[in-house]
Structures are given as structure tokens and as C-alpha cells.
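Taking it in order: structure first as C-alpha cells, then the write-up.
Numbering (our numbering), first residue to last: 4 to 183.
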């Protein structure tokens, strides 16, 4: 829904742009990622969780990763290394999703909690990045000749500042030009 609303900001119809900005503001107000959407703490947490998840891989996945890394040494490309890491994470997430509460040991439960926290943190960063990518469109709305575009863009940037999105600072600075 967020990506679709961002796409609708480029629409020619004023009503569509207004509704898209209202949707984005509502998504921001009701986001599931707590009150702070500053990406830095999420990036720090992501790297910490990633390290913990990779360091404690389940046996079969660990063996497959080691084999892929050994084959990768022959290829010696960064793309292959990234693909191996992404495939490893995907395999871990799929395996952990298949675990049931009755079958899990205490160690597996803790591992599943860390994997779920990793998923949550990745989702939060994707959500933040979507808003950051659309900053230029939203800033353009502030300079629009249409009053509803300006009003909704200002409303969005006020909410974005409340949730500490980095794009809010530049948007609010641009809105100061409206006062002069």
C-alpha cells in the first residue's frame, strides 16, 4: 500500500495526489514500528541481529553455507558472496517458520526470537526507505500551485517530523520558503 501511494503522488489528478498523501500520513501515524523511525538505531540493531543469527546457524544450513562459500572462493566475486548471504538468510527464515512450539528446545526458541526480530527490523528499514525514496516527490508538493497539495504535504512533513524521519527536516525547511 505504501509503494502504491508513493506511485500515486505522480498522478495528474489533484484528488488522487491528495488521497495518496492522506494515505501516507495515515500509514505513518499508524505504523507498527514504534514511535521512532530514525533509521540509524534500526541499522545498528539489524547488524547486531544479523551477526547473532549467522553465528548460530542451524546445522544443515551452516553446512550448506560453508559449501557455498568454498565454491564462492573459486568465483571470487562480491555478487556471489551477497547471493550466498541472502540465500542463507532466506533458508534460515523458512526453516524457523516451520518450527512448532512443542518441538523446540529453549535454544531454538531464543534463535526463533532473534530471527523474528531480524525480520521486524528489516521490515522497519524497508518502510523507512520507502518514505526516504519519495522525499523529492513530497517536497515538490510543497511548491505546488494547488493548495490541497501544499496542505497535505505540510501535514505529512509534520507527522514525519513527529516520527523522526530524516526526510522531514528537508521538507520542513522547504516549507519555510512559503512564508517569505
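Note that CB positions come from ideal geometry on N, CA and C, so glycine has one too.
* Check whether the Cβ atoms of residue 17 and residue 11 lie closer than 9 Å to each other. => No, the Cβ-Cβ distance between residue 17 and residue 11 is not below 9 Å.
* Asked: residue 160 by DSSP, collapsed to three states: which one?
  -> Three-state DSSP puts residue 160 in a helix.
* **Beta-carbon proximity of residue 30 to residue 8, cut-off 9 Å** => One thing to note: residue 30 has its Cβ within 9 Å of the Cβ of residue 8.
* Asked: Smallest Cα separation from residue 129: which of 13, 42, 33?
  -> Nearest option by C-alpha distance: 42.
* Of the listed residues 168, 177, 6, 127, nearest to residue 146 (C-alpha basis) -> Of 168, 177, 6, 127, the residue nearest in Cα terms is 177.
* To do: Please state whether DSSP places residue 13 in a helix, a strand or coil.
  => In this structure, residue 13 counts as coil in the three-state DSSP scheme.
* Asked: When burial is assigned at 16 or more other CB atoms within 10 Å of the CB, is residue 144 buried or exposed?
  -> Result: buried.
* Asked: Would you report the Cα separation of residue 33 and residue 6, rounded to the nearest angstrom?
  -> Going from the Cα of residue 33 to the Cα of residue 6 covers about 16 Å.
* Where residue 97 falls: helix, strand or coil (DSSP) -> It is helical.
* Asked: So the alpha helix (DSSP H) residue 166 belongs to, where does it begin and stop?
  -> Counting along the chain, residue 166 sits inside no alpha helix (DSSP H), nor does DSSP assign it H or E at all.
* **Cβ distance (whole Å) where residue 95 is taken to contact residue 52 below 8 Å** => Between residue 52 and residue 95 the Cβ distance is about 12 Å, and since that is not below 8 Å, they are no contact.
* **Top-ranked residue by Cα proximity to residue 13, from 167, 165, 137, 158** => The shortest Cα separation from residue 13 among 167, 165, 137, 158 belongs to 137.
* **Beta carbon of residue 160 nearer than 9 Å to that of residue 141** => Against a cut-off of 9 Å, the Cβ pair of residue 141 and residue 160 comes out as a contact.
* Rank 15, 4, 21 by C-alpha distance to the C-alpha of residue 152 and give the top, closest one. => Comparing Cα-Cα distances from residue 152 to each of 15, 4, 21, the minimum goes to 21.
* To do: Pull up the distance between the alpha-carbon of residue 92 and that of residue 170, whole angstroms please.
  => The alpha-carbon separation between residue 92 and residue 170 amounts to approximately 30 Å.
* Return the first residue and the last residue of the alpha helix (DSSP H) that residue 137 is part of. => Per DSSP, residue 137 belongs to no alpha helix (DSSP H) and is neither H nor E.
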